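Following: one structure in structure tokens, then a few remarks.
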Amino acid sequence: MFSRMLSAFGIGGPSVDTVLDSPHAVPGQPITGQVRIQGGSSDAEISQIVLSLVTQVEAERGGFGGDDEHHGGDTEFFRMVVQQGLRVPAGQLVSIPFQLPVPWETPITAVGGAALPGLGVGVRTELLVAGAPDKGDLDPVLVGPLPSQDKVLDAFGQLGFSFRSAGVEAGSLPGVPHEFGFYQELEFFPPAQFAGMVNQVELTFVANAHELQVILDADRRRGGFSSGGDTSGHLRLSHQEAQATNWAAAISDWLTEVAQRGQTNPAFSGAHNPAFGGQTGRNPAFGGQPGFGGQPGYGGRGYDHDDHNQQGQRRRPGMGGMLAAGAAGAAGGVLGGMALGSMAEEFFGDDEG
Numbered sequence: 008m009f010s011r012m013l014s015a016f017g018i019g020g021p022s023v024d025t026v027l028d029s030p031h032a033v034p035g036q037p038i039t040g041q042v043r044i045q046g047g048s049s050d051a052e053i054s055q056i057v058l059s060l061v062t063q064v065e066a067e068r069g070g071f072g073g074d075d076e077h078h079g080g081d082t083e084f085f086r087m088v089v090q091q092g093l094r095v096p097a098g099q100l101v102s103i104p105f106q107l108p109v110p111w112e113t114p115i116t117a118v119g120g121a122a123l124p125g126l127g128v129g130v131r132t133e134l135l136v137a138g139a140p141d142k143g144d145l146d147p148v149l150v151g152p153l154p155s156q157d158k159v160l161d162a163f164g165q166l167g168f169s170f171r172s173a174g175v176e177a178g179s180l181p182g183v184p185h186e187f188g189f190y191q192e193l194e195f196f197p198p199a200q201f202a203g204m205v206n207q208v209e210l211t212f213v214a215n216a217h218e219l220q221v222i223l224d225a226d227r228r229r230g231g232f233s234s235g236g237d238t239s240g241h242l243r244l245s246h247q248e249a250q251a252t253n254w255a256a257a258i259s260d261w262l263t264e265v266a267q268r269g270q271t272n273p274a275f276s277g278a279h280n281p282a283f284g285g286q287t288g289r290n291p292a293f294g295g296q297p298g299f300g301g302q303p304g305y306g307g308r309g310y311d312h313d314d315h316n317q318q319g320q321r322r323r324p325g326m327g328g329m330l331a332a333g334a335a336g337a338a339g340g341v342l343g344g345m346a347l348g349s350m351a352e353e354f355f356g357d358d359e360g
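Going by the numbering used here, the first residue of the sequence shown is number 8, and it counts up by one from there.
Given below as structure tokens:
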């Protein structure tokens, strides 16, 4: 919660706080809270109250055999008008409750209750006063994974991957439709048995109300999806199928093929993988896939979330420790004690002035 005076009214004008019911969020479920406006020394007229979701997006420029260069800034990816035409009487408190949808492709910024370094998502409050926007009051939120994404992440922990870094990059994924002009990458060092054959593995999720797409990129040098020699795998499943899949076996088999036949593009699918039971017809990448859940929009219950994920609690052993240990190293040991206020300054700069 950040309290700030509305600059359009000057000294003695109203102040605004945005109070979230919880700092934790999950894609597909709304963030709830209140926008509280404390009246100043005189009545005030506010044309519009707008809430938006903001993340930091990087524009990656990489070269063969060299380090990637990242340049980026804050990007608004969802926007909602909360209130139109509000009069705030002098000296009185006006509270506006809200439910802010969290899009399915919102970047994951926390796993097992621990923030991932290099990532941030925040709720920004904007008030329109006398035709001019008054921006500020940025509240960071910790966005946890969906249960179907959780299953994949747990498999990475079980297999012995080590977390390297995470980022949100501008651009599109070849052959993978997605809503926003950016995508998230989670980067891992491979298990010890693949050292020297695979430099790192990048994981990207693309989710909607009905299904989850999992994209893996095995990199022998260092780079993203645009690197020339990378080997990629892509699997598309309903959320229910993703939760029932033996991801450890699927990922291990795929990575073994990559290590043995690095020039090829081995299928990351059920076609030759017993972990998927050979049911290729149920995978829309290789056949038809009926819709799942019947959920028309954000926040409904067509896809049942596992509610404990929203609070960042009770994770299975393996994944939480792997990510926390790797992320703590990447963050210089700061991860465990990172406060939400510090996160806002770290990722979004000074938006309060």
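We treat Cβ as the ideally placed atom computed from N, Cα and C, and that holds for glycine. Quantities reported herein were computed from a predicted structural model and do not represent experimental measurements.
Residue closest to residue i, alpha-carbon to alpha-carbon, out of the options
{"i": "D146", "options": "R171, D28, A266, V265", "result": "D28"}
{"i": "V265", "options": "A225, W254, A257, A256", "result": "A225"}
{"i": "G138", "options": "Q91, P108, P152, Q165", "result": "Q91"}
{"i": "A255", "options": "L107, Q191, L166", "result": "L166"}
{"i": "I56", "options": "Q63, V136, A214, G151", "result": "V136"}
{"i": "S102", "options": "G46, L180, G80", "result": "G46"}
{"i": "L134", "options": "Q191, V95, G151", "result": "V95"}
{"i": "L180", "options": "V213, G80, P154", "result": "V213"}
{"i": "P184", "options": "G203, R86, N215", "result": "N215"}
{"i": "P124", "options": "L93, Q63, H217", "result": "Q63"}
{"i": "Q191", "options": "A249, G178, G40, E248", "result": "G178"}
{"i": "V205", "options": "T252, G164, T263, T82", "result": "T263"}
{"i": "P30", "options": "L93, R86, V109, L193", "result": "V109"}
{"i": "F104", "options": "W111, I44, E218, R86", "result": "Correcting the residue type first, residue 104 is Pro in the shown sequence and not Phe. Of the listed residues, the one whose Cα sits closest to P104 is I44."}
{"i": "Q156", "options": "F201, R86, N253, L93", "result": "N253"}
C-beta contact flag for residue i and residue j at 8 Å
{"i": "L210", "j": "L223", "result": "yes"}
{"i": "L60", "j": "T113", "result": "yes"}
{"i": "V42", "j": "V89", "result": "yes"}
{"i": "F187", "j": "E176", "result": "no"}
{"i": "V118", "j": "P152", "result": "yes"}
{"i": "V150", "j": "P34", "result": "yes"}
{"i": "L107", "j": "T116", "result": "no"}
Span separating the alpha-carbon of residue i from that of residue j
{"i": "L65", "j": "S22", "result": "A small fix is needed here, since residue 65 is Glu in this sequence, not Leu. Approximately 33 Å between the Cα atoms of the pair."}
{"i": "S169", "j": "S54", "result": "50 Å"}
{"i": "A97", "j": "I38", "result": "29 Å"}
{"i": "Q220", "j": "A121", "result": "24 Å"}
{"i": "H241", "j": "Q207", "result": "17 Å"}
{"i": "G143", "j": "I258", "result": "43 Å"}
{"i": "F84", "j": "F195", "result": "26 Å"}
{"i": "G203", "j": "S172", "result": "19 Å"}
{"i": "L58", "j": "H246", "result": "29 Å"}
{"i": "G20", "j": "A251", "result": "56 Å"}
{"i": "A337", "j": "G174", "result": "Any answer about A337 is weak, because its pLDDT of 47 lies below 50 and its placement is not dependable; what the coordinates show is given next. Taking the straight line joining both Cα atoms gives about 12 Å."}
{"i": "T82", "j": "W111", "result": "16 Å"}
{"i": "G164", "j": "E218", "result": "23 Å"}
{"i": "R86", "j": "L193", "result": "26 Å"}
{"i": "G40", "j": "L93", "result": "18 Å"}
{"i": "F201", "j": "D260", "result": "12 Å"}
Cβ-based burial, residue i [other Cβ within 10 Å; buried from 16]
{"i": "L100", "result": "exposed"}
{"i": "Q36", "result": "buried"}
{"i": "D237", "result": "buried"}
{"i": "A32", "result": "buried"}
{"i": "D141", "result": "buried"}
{"i": "S48", "result": "exposed"}
{"i": "Q267", "result": "exposed"}
{"i": "G80", "result": "exposed"}
{"i": "A199", "result": "exposed"}
{"i": "P197", "result": "buried"}
{"i": "A51", "result": "buried"}
{"i": "G182", "result": "exposed"}
{"i": "A249", "result": "buried"}
Closer than 8 Å to chain D by CB, residue i
{"i": "G80", "result": "The displayed structure is made up of one protein chain only, and chain D is not part of it."}
Distance cut-off 7 Å: residue i Cβ against heavy atoms of the ligand NAD
{"i": "Q106", "result": "Within the structure as shown, the ligand NAD is missing, as the structure has no ligands at all."}
**Prompt:** Below 8 Å, can you find three or more Cβ-Cβ pairs linking the region 155-164 to the region 121-130?
**Reply:** Judged by Cβ distances under 8 Å, the region 155-164 makes no contact with the region 121-130, as fewer than three pairs qualify.
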